[in-house]
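J.: Numbering (the UniProt record's numbering), first residue to last: 1 to 135.
1) Select from 48, 68 and 16 the residue whose C-alpha is nearest the C-alpha of residue 29.
2) For residue 44 versus residue 74, is the C-beta distance shorter than 8 Å?
3) Going by CA-CA distance only, name the one from 93, 42 and 99 that's closest to residue 70.
4) Taking just the CA atoms, how far does residue 36 sit from residue 200?
5) Check whether the Cβ atoms of residue 17 and residue 46 lie closer than 8 Å to each other.
6) Roughly how many angstroms separate the alpha carbons of residue 108 and residue 95, rounded to a whole number?
7) Let me make sure I understand the geometry here. Which of 83, 100, 61 and 56 has the alpha-carbon closest to that of residue 124?
8) Assuming residue 32 and residue 38 are in contact, meaning their beta carbons sit under 8 Å apart, how far apart are those beta carbons, in whole angstroms?
Right under this line is the structure:
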């Protein structure tokens, strides 16, 4: 899914980043349908690689960035595929509500100590789980 305005004719095997790209392809089990698609994705990978290098050289940041499974996607491709918002269907509001007695409810709960907090998950493109805060 790599779309770039210009289409190079052959994969640039002499580029020093090609070995990093091919290692990344192996690490993330990535294969392309043609040399043209591979070259287009390589160009995107290079752009992202240089962004990562540049960002990690900046001082004063409290984080670092690195290569991940999205390194061959442009920002717009990533947003279109993974940042789509699927809103839940609205339910009709109830006309009456009865409050329960909350006097015995603790003022705070440590959900982590109760084993109710799970690690962050890659939900991919599935919009069904976007509003699930914990499982």
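C-beta atoms are modelled at their ideal positions from N, C-alpha and C, and glycine is treated no differently. Bear in mind the structure is a predicted one, so any value in this text is a computation, not a measurement.
T.: Based on what the coordinates show:
1) 68
2) yes
3) 42
4) Because the chain spans 1 through 135 in this model, residue 200 falls outside it and cannot be assessed.
5) yes
6) 30 Å
7) 83
8) 4 Å
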